[in-house]
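Data first, discussion second: the structure below is written as structure tokens.
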Amino acid sequence: MIYSPNANKMPYLSILIAITFFTYSSPSSSKEIYINNTKNLLTKDMPDTFASDGCPENITIKIGQSFSLKLPAIEGTGFLWIPKLSPLLSWNEEEKYEKVKADSTSDIPKMVGSPTRQILTCKGLKTGNELIIIEYVRPFGNRKPEKLCQFNLNVIN
Amino acid sequence: MKNYFFLILALCLGFFTATLAQTTSDPLQNFYRRRDVAKMEQSLTTFGKSEFDADKKLFSGIRNATYTLEPNLTLNRPLSQLAGTITPEGDNSSELKLEYERIKIEIPAIQREFEAKKLVWNPNYFIDLRLIDWQRLLMGASGCTINTSYLTPVKDQFNCGSCWAFSAAATWEHSYKKIYSSAVNHNLSEEDMVNCGKTCAGDDAGSCSGGHTFKAFEYIRCFKVATEANYPYTATNAACIAKPKTYGAFFNGQVGTNVSFPTTDQVKAAVTLYGAVTSYVFARGWSSYGTGVLNAIPNAAVTTYTYTGGDGRTYACGANYINHAVTIVGWCDAKNAWIIKNSWGTDWGSYGGYAYVAYNTYNIAKYVYYVVPLP
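As you go down the protein sequences, you meet chains A and B in turn. Residue numbering for the first sequence follows our numbering, starting at 2 and increasing by one per position. Residue numbering for the second sequence follows our numbering, starting at -16 and increasing by one per position.
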């Protein structure tokens, strides 16, 4: 008999994957705060890269076109804006922030815990429509989102 | 059948060996393994008593190291001679001289208060750190140095930029245990600091939109702060409410200066003397911390990061860029790292909210502050 070390593990692996999938795809509970949906971003005449300050309601982009979202976050709390993956987009994983207001020049050292905006950048990969969800969540612990940003994405040729 | 027996035996031996190896190599891991967080928090309240005995064997080396570090620096000279004989490293500023004069005047009053309360008077707590002989204080320091009897439960600031208040409160709580009694737990109100905090001169200490640990210490020293029970944390900015003020401080100060940052040995000395200090850090990427030593961003690499300013332009993070405050509670030379307490709850990382941060990374131990609580 040929012994395959992974063969017996397969059922367990499948169960683990199923549990993980179920855990993370379950709708998040009660305290969900939605960021304002105020804008429809249509990009026919827009440059290759553009930014939205806040969470838009609808975004239409072309394949290969990039856009950035600036969402309110406090760096130094452990919370991050984390997008749920979509086949229509690729996200830049680098953590980037924008200060909400300039530092006081007289304050040395600078204040810690100041409000910022996290900048998330992504690029259109293939055509289609999808509801995009981005959670403001700690990547550790109970992973309960503190806020949500969701918008309708339309990727065109 | 025989084969199964050997297989099970081998598995047991492997598990036992792995467990043993883990036990001997990593003090934080040793501390938190086999404990669920709730039990750990509960046990922290009784450390120094029976719960601590369970870990005594595991920690014997660390405890010994810590105890040999207990400062035995009772002055054999009058204070008036001390400033002339110990030269603060590269710091002969008039600011230092003024500070020394202030200490000299205040110490007798503090000493009287100690004696009135029948507490053990140790003048070393009230010497400006810049006057201390660092090498002497750290004599015998090696390996990992953390006195777990000074540790207090990890708290959670949630989505509020109040790390400065949490770090200040944690440092006060640890220092109290170090200076007075490791069996006594106090719990300072961060909400009091967030809503009411101000400096002795009346400047705002901070809010959920950021603040400063040294200003929180000033608030504690000049106005005292409420207990957590009296002024519970809500993670929000709100109007200041007058609550009974319970906890105060004799003293607060900075290790090193904003111009001349402290050496690693100076910070170790301060941790040894006071039990803990606050430190600002550049906590980029810390959300994904799992286990081991945080070391991905050496100090020299902080400048390679950028941020967008309030004016929309992109700036390089300066060499001393910081965005968070934590509490340094020990160090581990074997890992080349500080042992820190964060304020992101007990789920952060593998050590119940504590972590290792490598020396000279994330701008840790540059801006460092200490406090001497009132008994």
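A virtual CB, placed ideally from N, CA and C, is assigned to each residue, including glycine.
ask   = Contact between the region 223 to 234 of chain B and the region 167 to 186 of chain B: three or more CB pairs below 8 Å?
value = yes
query = Between valine 351 of chain B and serine 158 of chain B, which are expected to be in contact by the criterion C-beta below 8 Å, what is the C-beta distance as a whole number of angstroms?
reply = Numbered from 1 along the second sequence, position 368 holds the residue referred to as residue 351 of chain B. Numbered from 1 along the second sequence, position 175 holds the residue referred to as residue 158 of chain B. Contact flag wrong, Cβ pair sits at about 13 Å.
task = Could you tell me whether the Cβ atoms of serine 311 of chain B and asparagine 346 of chain B are closer together than 8 Å?
result = For the purposes of this step, residue 311 of chain B is taken as the residue at position 328 of the second sequence. For the purposes of this step, residue 346 of chain B is taken as the residue at position 363 of the second sequence. Per the sequence presented here, residue 311 of chain B reads as isoleucine, with serine not at that position. Cβ distance not < 8 Å, so isoleucine 311 of chain B and asparagine 346 of chain B don't count as in contact.
task = May I ask you to report which of helix, strand or coil DSSP gives asparagine 130 of chain A?
result = Here the question's residue 130 of chain A lines up with position 129 in the first sequence. If DSSP states are grouped into helix, strand and coil, asparagine 130 of chain A belongs with the strands.
message = What would DSSP say about phenylalanine 164 of chain A, mapped onto helix, strand or coil?
response = Residue 164 of chain A is absent from the model: chain A starts at 2 and stops at 158.
ask   = Below 8 Å, can you find three or more Cβ-Cβ pairs linking the region 87 to 102 of chain A to the region 285 to 293 of chain B?
value = yes
key: Rounded straight-line distance, which links the Cα of leucine 132 of chain A to that of leucine 154 of chain A   = As a first step, residue 154 of chain A must be located in the first sequence, where it is residue number 153. As a first step, residue 132 of chain A must be located in the first sequence, where it is residue number 131. Approximately 6 Å between the Cα atoms of the pair.
task = Provide the residue(s) that pair with aspartate 54 of chain A in DSSP beta bridges, ordered along the chain.
result = As a first step, residue 54 of chain A is located in the first sequence; it is residue number 53 there, counting from the start. According to DSSP, which records beta bridges pairwise, aspartate 54 of chain A is partnered with A:Lys71.
query = In whole angstroms, what separates the C-alpha of valine 167 of chain B from that of glutamate 211 of chain B?
reply = Indexing the second sequence from 1 puts residue 167 of chain B at position 184. Indexing the second sequence from 1 puts residue 211 of chain B at position 228. For valine 167 of chain B and glutamate 211 of chain B, the distance between alpha carbons rounds to 15 Å.
inquiry  = As an exercise, report each continuous beta strand (DSSP E) stretch of at least 3 residues that is fully enclosed by the region 247 to 273 of chain B, in chain order.
reply    = Taking only runs of at least 3 residues, the beta strand (DSSP E) segments lying wholly in the region 247 to 273 of chain B are 260 to 264.
request  = Within the same chain, show all residues whose beta-carbon is closer than 7 Å to that of threonine 196 of chain B, passing over the 5 residues directly before and after it, in chain order.
outcome  = Numbered from 1 along the second sequence, position 213 holds the residue referred to as residue 196 of chain B. Excluding positions up to five away in sequence, the list reads Trp147, Ser150, Ala151, Thr261, Ala308 and Tyr352.
query = Any idea which residues DSSP pairs tryptophan 92 of chain A with across the strands?
reply = Position 91 of the first sequence, counted from the start, is the residue given in the question as residue 92 of chain A. As a beta-bridge residue in DSSP terms, tryptophan 92 of chain A pairs with A:Cys123.
request  = If I'm right that proline 245 of chain B touches glycine 236 of chain B with Cβ under 8 Å, what's the distance once you round it to whole angstroms?
outcome  = Counting from one through the second sequence, the residue named residue 245 of chain B turns up at place 262. Counting from one through the second sequence, the residue named residue 236 of chain B turns up at place 253. Going by Cβ atoms, the distance from proline 245 of chain B to glycine 236 of chain B rounds to 11 Å, so no, they are not a contact pair.
inquiry  = Our contact map puts proline 88 of chain A next to leucine 126 of chain A with C-beta atoms below 8 Å; I'd like the distance itself, whole angstroms only.
reply    = In the first sequence, counting from the first residue as 1, residue 88 of chain A sits at position 87. In the first sequence, counting from the first residue as 1, residue 126 of chain A sits at position 125. With a beta-carbon spacing of about 7 Å, proline 88 of chain A and leucine 126 of chain A fall inside the 8 Å limit used to define contacts.
request  = State the DSSP-derived secondary structure class of isoleucine 347 of chain B, mapped to helix, strand or coil.
outcome  = Taking the second sequence and counting its residues from 1, the one referred to as residue 347 of chain B is at position 364. It is coil, neither helix nor strand.
query = Checking contacts by CB at 8 Å: is alanine 266 of chain B closer than that to chain A?
reply = To locate residue 266 of chain B, count along the second sequence from 1; it is residue 283. Chain A, which has a Cβ nearer than 8 Å to the Cβ of alanine 266 of chain B, makes this yes.
task = Pull up the distance between the alpha-carbon of alanine 188 of chain B and that of phenylalanine 234 of chain B, whole angstroms please.
result = Position 205 of the second sequence, counted from the start, is the residue given in the question as residue 188 of chain B. Position 251 of the second sequence, counted from the start, is the residue given in the question as residue 234 of chain B. Spanning the alpha carbons of alanine 188 of chain B and phenylalanine 234 of chain B requires a straight line of approximately 17 Å.
inquiry  = The alpha helix (DSSP H) that contains tryptophan 314 of chain B, what's its start and end?
reply    = Residue 314 of chain B sits at position 331 when you count from the first residue of the second sequence. Note, tryptophan 314 of chain B: premise wrong, no alpha helix (DSSP H); beta strand (DSSP E) at 307 to 315.
query = Candidates A:Gln151, A:Cys56, A:Lys145 and A:Val156: which alpha carbon is nearest aspartate 330 of chain B's?
reply = If you number the second sequence from 1, residue 330 of chain B lands on position 347. Among A:Gln151, A:Cys56, A:Lys145 and A:Val156, the Cα nearest to that of aspartate 330 of chain B belongs to A:Lys145.
key: Contacting residues, own chain, Cβ-Cβ under 8 Å from aspartate 186 of chain B (five flanking each side not counted)   = To locate residue 186 of chain B, count along the second sequence from 1; it is residue 203. So the list reads Lys198, once near-sequence residues are dropped.
task = Pull up the DSSP beta-bridge partners for phenylalanine 234 of chain B, would you.
result = Taking the first residue of the second sequence as 1, we reach residue 234 of chain B at position 251. BP columns for phenylalanine 234 of chain B point to B:Val355.
request  = Reducing DSSP to helix, strand and coil, say where asparagine 153 of chain A ends up.
outcome  = Within the first sequence, the letter at position 152 stands for residue 153 of chain A. Of the three classes helix, strand and coil, the one that applies to asparagine 153 of chain A here is strand, per DSSP.
request  = Classify glutamate 136 of chain A as helix, strand or coil using the three-state DSSP reduction.
outcome  = As a working note, residue 136 of chain A is residue 135 in the first sequence. In this structure, glutamate 136 of chain A counts as strand in the three-state DSSP scheme.
request  = Compare the C-alpha of alanine 302 of chain B against each of B:Asp294, B:Gly295, B:Lys318 and B:Val285 and name the closest.
outcome  = Against the second sequence, residue 302 of chain B aligns to sequence position 319. Selected option, being the one with the closest Cα: B:Val285.
task = Could you tell me whether the Cβ of tyrosine 350 of chain B comes closer than 8 Å to any Cβ of chain A?
result = Along the second sequence, read from residue 1 onward, the residue named residue 350 of chain B stands at position 367. For tyrosine 350 of chain B, the answer is yes, since a Cβ of chain A falls inside 8 Å of its Cβ.
ask   = Roughly how many angstroms lie between the CA atoms of alanine 279 of chain B and isoleucine 224 of chain B, to the nearest whole one?
value = The residue you call residue 279 of chain B lines up with position 296 of the second sequence. The residue you call residue 224 of chain B lines up with position 241 of the second sequence. Cα to Cα, alanine 279 of chain B sits roughly 42 Å from isoleucine 224 of chain B.
message = For a test of the three-state rule: what should DSSP assign to threonine 196 of chain B, helix, strand or coil?
response = Position 213 of the second sequence, counted from the start, is the residue given in the question as residue 196 of chain B. It is helical.
message = For a contact defined as C-beta to C-beta under 7 Å, what are the partners of leucine 126 of chain A on chain B?
response = Position 125 of the first sequence, counted from the first residue, corresponds to residue 126 of chain A. Those do not exist, as leucine 126 of chain A stays about 24 Å from chain B at its closest Cβ, beyond 7 Å.
inquiry  = Within 8 Å of any Cβ in chain A, is that where the Cβ of glycine 239 of chain B sits?
reply    = Sequence index remark: in the second sequence, residue 239 of chain B carries index 256 (1-based). False, the Cβ-Cβ gap to chain A never drops below 8 Å.
Chain-ordered chain B contacts of phenylalanine 141 of chain A [CB-CB under 9 Å] = Here residue 141 of chain A is taken as the residue at index 140 of the first sequence, counted from 1. Going along chain B in sequence order, the residues near phenylalanine 141 of chain A (Cβ under 9 Å) are Ser270, Ser271, Tyr272, Gly273, Trp327, Gly328, Asp330, Trp331 and Gly332.
ask   = Where tyrosine 339 of chain B and glycine 129 of chain A are concerned, what is the direct C-alpha to C-alpha distance, given to the nearest angstrom?
value = Stepping through the second sequence from its first residue, residue 339 of chain B is reached at position 356. Stepping through the first sequence from its first residue, residue 129 of chain A is reached at position 128. Each residue's alpha carbon lies about 45 Å from the other.
ask   = What does a CB cutoff of less than 8 Å around alanine 253 of chain B pick up in its chain, not counting 5 residues either side in sequence?
value = Here residue 253 of chain B corresponds to residue number 270 of the second sequence, with the count starting at 1. Cβ within range, chain order: Leu112, Val238, Pro245, Val260, Val351 and Tyr353.
ask   = Taking the C-alpha atoms as reference points, what is the distance between proline 84 of chain A and serine 164 of chain B?
value = Looking up residue 84 of chain A in the first sequence gives position 83. Looking up residue 164 of chain B in the second sequence gives position 181. Rounded to the nearest angstrom, the two C-alpha atoms are 48 Å apart.
ask   = Quick one: which chain B residues come within Cβ less than 9 Å of phenylalanine 68 of chain A?
value = Counted from its first residue, the first sequence places residue 68 of chain A at position 67. Within chain B, not a single residue places a beta-carbon under 9 Å from that of phenylalanine 68 of chain A; the smallest gap is close to 16 Å.
query = What do you get for arginine 296 of chain B, buried or exposed, if any count of 16 or more other CB atoms within 10 angstroms of its CB means buried?
reply = Locating residue 296 of chain B in the second sequence gives position 313, counting from the first residue. Under this definition arginine 296 of chain B is an exposed residue.
ask   = Taking the C-alpha atoms as reference points, what is the distance between arginine 118 of chain A and proline 358 of chain B?
value = Numbered from its first residue, the first sequence carries residue 118 of chain A at position 117. Numbered from its first residue, the second sequence carries residue 358 of chain B at position 375. Spanning the two alpha carbons is a distance of roughly 42 Å.
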